[in-house]
Structure formats: structure tokens, C-alpha cells
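At position 326 of the sequence shown (counting the first as 1) the number is 326 in full-length UniProt numbering, and the numbers step up by one without a gap. All residues carry an ideal CB built from backbone N, CA and C; glycine is no exception. The structure displayed is predicted, hence computed values, not measured ones.
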Amino acid sequence: MHLQETIKCHIETNDTAFNLKNLTEKEIKIIIENWLRCSFVNRGWIDDFNKIVARYVKWFERVFKFVLKDTIRIWDTVSGDTIQKLEGHSHWVYNVQFSYNGSSVLSCSNDKTIRIWDVSSGQELKKLDGHEGCVFAAQFSPDGTVVASCSYDRTIRLWNVTSGQELKRLNGHSDFVTDVKFSSDGKQILSSSFDKTIRIWDVESGNVLLEFQGHADGVIGVQFSPDGSIIASCSRDKTIRLWNTKSGKEIRTITGHADWVREVQFSPDGQTIVSCSDDKTVRLWDTKSGKLIQRLDGHSNLVTGICFSSDGNTMISSSYDKSIRLWG
Numbered sequence: 001m002h003l004q005e006t007i008k009c010h011i012e013t014n015d016t017a018f019n020l021k022n023l024t025e026k027e028i029k030i031i032i033e034n035w036l037r038c039s040f041v042n043r044g045w046i047d048d049f050n051k052i053v054a055r056y057v058k059w060f061e062r063v064f065k066f067v068l069k070d071t072i073r074i075w076d077t078v079s080g081d082t083i084q085k086l087e088g089h090s091h092w093v094y095n096v097q098f099s100y101n102g103s104s105v106l107s108c109s110n111d112k113t114i115r116i117w118d119v120s121s122g123q124e125l126k127k128l129d130g131h132e133g134c135v136f137a138a139q140f141s142p143d144g145t146v147v148a149s150c151s152y153d154r155t156i157r158l159w160n161v162t163s164g165q166e167l168k169r170l171n172g173h174s175d176f177v178t179d180v181k182f183s184s185d186g187k188q189i190l191s192s193s194f195d196k197t198i199r200i201w202d203v204e205s206g207n208v209l210l211e212f213q214g215h216a217d218g219v220i221g222v223q224f225s226p227d228g229s230i231i232a233s234c235s236r237d238k239t240i241r242l243w244n245t246k247s248g249k250e251i252r253t254i255t256g257h258a259d260w261v262r263e264v265q266f267s268p269d270g271q272t273i274v275s276c277s278d279d280k281t282v283r284l285w286d287t288k289s290g291k292l293i294q295r296l297d298g299h300s301n302l303v304t305g306i307c308f309s310s311d312g313n314t315m316i317s318s319s320y321d322k323s324i325r326l327w328g
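In C-alpha cells form, the structure reads like this:
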């Protein structure tokens with residue numbers, strides 16, 4: 001993957017708008033397929049260009065816009081219109097995700113609650129209430145029947161999606177829990193904490209199966225590799241670390257970021273890792289060697305999130321600079 005060209009689609013001058021309007025659809029398609037490496041995704045795009053982008057980047061049809069506010073907006077990149085406005089949280093929203101079938105949305109907030117929303121109607125389906133501190137992350141189980149959440153109260157909690165009742169509480173971290181992920185089979189939960197550890201939990205028993213130690217500061221995010229054999233973690237210590245899920249041993253430490261690493265994710269084939277940081281960069285790393293593949297610059301403030309598309313050819317990043325960017 002090579003960054004050949006950067007096209008800024010957030011129109012700042014009339015001249016730029018004029019130039020883009022004069023491009024044919026075929027020319028823009030070529031740009032997207034071959035050169036488009038970074039674009040602002042904001043209201044105010046030229047309509048025709050926006051529609052073409054959405055057509056050829058099909059996975060990116062609906063996105064969230066919440067950015068530490070109590071209202072969640074789901075909007076359509078084709079029309080630029082808001083699809084739904086989800087209101088109910090009384091404080092900042094930290095994390096949002098679609099269900100696997102796309103029919104519902106899961107959100108968690110500084111108001112200490114997790115909420116499940118219906119995408120079509122925008123109605124709140126369930127309010128999961130019980131945490132004693134802000135909820136940093138939540139995720140649906142692969143079968144969609146359970147939600148796992150983690151909180152400032154140092155606990156991980158499992159919830160029944162249908163009833164909204166708390167099923168289980170996982171205690172053990174000695175500082176607030178920053179991230180939680182299900183394994184692909186839904187039988188294990190991965191967590192990270194500011195106590196500098198990562199843990200794998202058995203969902204059925206609630207017991208800790210493995211604890212990973214090595215980070216020199218709080219761990220912000222974790223991710224299973226697609227085959228479940230490796231864990232990637234990122235930390236305030238500016239490093240990414242890879243761990244063997246069977247032995248619990250560290251495989252390697254990846255260095256290069258100049259500030260906190262906010263999120264880390266594997267590509268769908270597991271061969272590449274992408275990370276984002278308070279140093280304003282997104283970086284791609286080779287999983288096997290740990291070597292830097294590419295550094296992606298463009299954000300003007302700390303980068304808060306990063307995600308691969310399902311085919312692994314495109315990424316989306318979010319930032320405190322109030323932009324969402326596509327990379328490919």
C-alpha cells in the first residue's frame with residue numbers, strides 16, 4: 001500500500017469546487033480506485049462527487065457522528081442527510097457500533113448506561129443500567145444475544161439483549177477497564193485496563209483464563225487477530241504489543257508512535273495491523289515482523305479511532321480535528 005496522492009474533498013475554495021465539478025464520473029472513479037488515499041467525509045461535499053464515492057466505497061454507507069456529545073446521528077454518505085437522530089443519553093457518548101445484522105445500534109456513555117437502539121425507527125429498545133461509573137466500551141456477542149461492557153468502575157458486565165438484565169459481572173482489574181472484545185466464537189472476552197494488564201475471560205464461568213503483563217502504562221485498546229491466535233494491545237506507553245493467546249507470552253513490542261496509541265486493529269487477513277495515536281498519525285505495521293509499512297499523515301489533531309473495511313482495502317479514521325477520513 002503506497003500513498004500516491006491525497007485529495008481533499010472538503011471544499012475550501014470555489015476554485016477547488018469548480019475543478020472537481022468538471023471531472024467526469026469515469027475520471028473520479030479512477031481517482032477513487034487508484035489514487036484516493038484520504039478524504040474528508042463531511043457535510044458540504046459536492047453532491048455528485050459524494051454519490052460516486054459512496055457508490056465505489058460500498059461498505060461505507062452509514063456512519064455515526066457523535067464526537068463526545070449526548071446525541072448520536074447516523075447519516076447517509078450518498079445524500080449527506082441524517083438517517084436517524086438517537087437521543088436519550090444524558091452525557092458524552094464514548095462508543096457506538098452497529099449490530100452484526102445492521103438493524104440496531106449499541107452505545108455507551110459517561111452517563112453510566114449502555115443503550116440499544118432500533119436503526120429504522122430511532123427508538124431506544126433497551127437501557128442497560130448498573131455500572132457505577134462511565135462506560136468506555138460495549139460490544140455485541142457474535143450471535144447478538146449478549147452485550148459486554150466495561151467501565152470506570154473496574155468491572156466488565158454481560159447483559160441479556162432481550163431482557164436488558166445483567167447476566168454476569170467480571171471483577172479483577174484494579175483500575176478502570178478501557179476496552180472489551182468478544183472472541184469470534186463468543187466464548188471468551190478480552191479486556192484491557194489502566195492497571196497495565198490485558199485479560200482473557202471465560203464467558204460461561206467468568207474466570208480469568210490468561211493475564212498479559214508488560215505494558216509500562218495504562219492499556220487503552222485490545223483486539224483479537226482474525227484467527228484468534230494473537231492479541232494486539234495499545235497503550236499510553238506509546239507502544240503496540242502482540243501476545244500469544246495460548247501461552248500468554250509477549251511476541252513483540254512495536255514502537256514508533258510519539259504519543260498515546262488510541263486504537264489498534266488487524267486487517268481481515270491478519271497480515272497487517274493499523275494503529276492510531278495522539279501523535280496525529282495512522283500507521284500500518286506488518287504483523288509478522290512488526291515493521292512499519294506506512295505512516296499516514298493528514299489529521300491535525302489526535303486520532304481517536306481506526307477501522308478496516310471488510311475487504312481490507314480501505315480504512316476509516318476519526319479525529320479530534322472533527323473530520324472522518326478514508327484511506328486506501
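Are the CB atoms of residue j and residue i within a distance shorter than 8 Å?
i, j, result
"V180", "I156", "yes"
"G186", "V161", "no"
"A138", "I189", "no"
"P226", "G270", "yes"
"S275", "G228", "no"
"C134", "T178", "no"
"S109", "V93", "yes"
"V261", "T281", "no"
"R283", "G305", "no"
"N301", "D321", "yes"
"R236", "G214", "no"
"K238", "D259", "yes"
"F140", "N95", "no"
Looking at the strands, I want to know which residues DSSP matches up with residue i.
i, result
"R252", "L242"
"Q223", "A232"
"A138", "S149"
"S319", "V303"
"T281", "The partner list for T281 (beta bridge, DSSP) is empty, contrary to what the question assumes."
"L190", "K181, I200"
"E166", "W159"
"L125", "Its beta-bridge partners do not exist; DSSP assigns none."
"S104", "D118"
"S275", "V264, R283"
"I324", "S318"
Can you tell me the Cα-Cα spacing of residue i and residue j, whole angstroms?
i, j, result
"D129", "K112", "7 Å"
"Y100", "F194", "29 Å"
"I200", "E124", "31 Å"
"R241", "S107", "28 Å"
"H299", "D278", "10 Å"
"L326", "I254", "24 Å"
"K168", "I74", "31 Å"
"V222", "F266", "10 Å"
"K126", "L292", "43 Å"
"I83", "G164", "26 Å"
"A216", "E263", "17 Å"
"H89", "I116", "11 Å"
"F212", "S121", "42 Å"
"I220", "S233", "8 Å"
"L296", "P268", "19 Å"
"G328", "T314", "4 Å"
"S318", "K249", "32 Å"
"S191", "K85", "30 Å"
"I273", "H91", "32 Å"
"T71", "E132", "21 Å"
"I316", "L158", "29 Å"
"residue 332", "H173", "No answer is possible for residue 332: the residues shown for the chain start at 1 and end at 328."
"L209", "K246", "10 Å"
"residue 339", "T145", "The displayed coordinates of the chain run from 1 to 328. Any statement about residue 339 would go beyond what the structure contains."
"N207", "R154", "15 Å"
"W243", "E87", "39 Å"
"F176", "S205", "22 Å"
"S103", "I114", "17 Å"
"P142", "R252", "29 Å"
"residue 336", "Q294", "For the chain, the structure presents residues 1 to 328; residue 336 sits outside this window and is missing."
What did DSSP end up calling residue i once you bin it into helix, strand or coil?
i, result
"T314", "coil"
"K112", "coil"
"R236", "coil"
"F308", "strand"
"Y94", "strand"
"T155", "coil"
"Q265", "strand"
"F212", "strand"
"residue 389", "In the structure as shown, the chain begins at 1 and stops at 328. Residue 389 is therefore absent and cannot be evaluated."
"Q84", "strand"
"D286", "strand"
"N160", "strand"
"G206", "coil"
Taking only heavy atoms of the ligand NAP into account, decide whether any of them is closer than 7 Å to the Cβ of residue i.
i, result
"S193", "The ligand NAP is not part of this structure, which contains no ligands at all."
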